[in-house]
Amino acid sequence: MAVTIHQLTRFKKEGRSIVALTAWDYLLAEAIDQAGVDVILVGDSLAMVALGYDTTLPLTLEETLHHAKAVRRGVKNALLVVDLPFMSYQESPEQALRSAGRVMKETGAQAVKMEGGHAGLVTTIERLVQIGI
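Our numbering numbers the first residue of the sequence shown as -5 and each following residue consecutively.
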């Protein structure tokens, strides 16, 4: 049975540990999904681990989508979360909406992850939550 956001909330209330791991390709995703992890993240670390970049900064949304689609094919039960790469959401809430919408629609992810703690990001997050992302 596929893990949902509601189940994760319940696990937290019950004091149950939530297990999350990162995957960048089909084989790794399939293996850790079968091991029973709750959450699989397609992290921006794929820039360095899978693509050979020195940092995460050059990673594009297109590259992220490509890897997230492969990971989705290996995931049957875990909740899939995909990082939004640097500068794919910081310009405006509208840009974030377009990027997050593409990730959700094209990869089947149940959630996206954005980094940063500034006040402007709160508005963006509120907007995404309002439309169901």
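For every residue, glycine included, the Cβ atom is placed at its ideal position computed from N, Cα and C.
Extent of the continuous alpha helix (DSSP H) to which residue i belongs
{"i": "residue 107", "result": "Not the alpha helix (DSSP H): residue 107 falls in the beta strand (DSSP E), residues 105 to 107."}
{"i": "residue 46", "result": "Premise fails: residue 46 is in no alpha helix (DSSP H) and is neither H nor E."}
{"i": "residue 5", "result": "-1 to 7"}
{"i": "residue 96", "result": "87 to 101"}
{"i": "residue 62", "result": "55 to 68"}
Proximity winner among the options, relative to residue i (alpha-carbon distances)
{"i": "residue -4", "options": "111, 73, 107, 92", "result": "73"}
{"i": "residue 69", "options": "95, 116, 9, 34", "result": "34"}
{"i": "residue 24", "options": "50, 45, 41, 66", "result": "66"}
Nearest-angstrom Cα separation, counted from residue j out to residue i
{"i": "residue 98", "j": "residue 127", "result": "8 angstroms"}
{"i": "residue 82", "j": "residue 90", "result": "7 angstroms"}
{"i": "residue 31", "j": "residue 12", "result": "8 angstroms"}
{"i": "residue 122", "j": "residue 53", "result": "22 angstroms"}
{"i": "residue 37", "j": "residue 63", "result": "13 angstroms"}
{"i": "residue 40", "j": "residue 50", "result": "8 angstroms"}
Residue i - partner residues in DSSP beta bridges
{"i": "residue 73", "result": "33"}
{"i": "residue 16", "result": "35"}
Cβ-Cβ separation, residue j to residue i (assumed contact under 8 angstroms), whole Å
{"i": "residue 19", "j": "residue 61", "result": "7 angstroms"}
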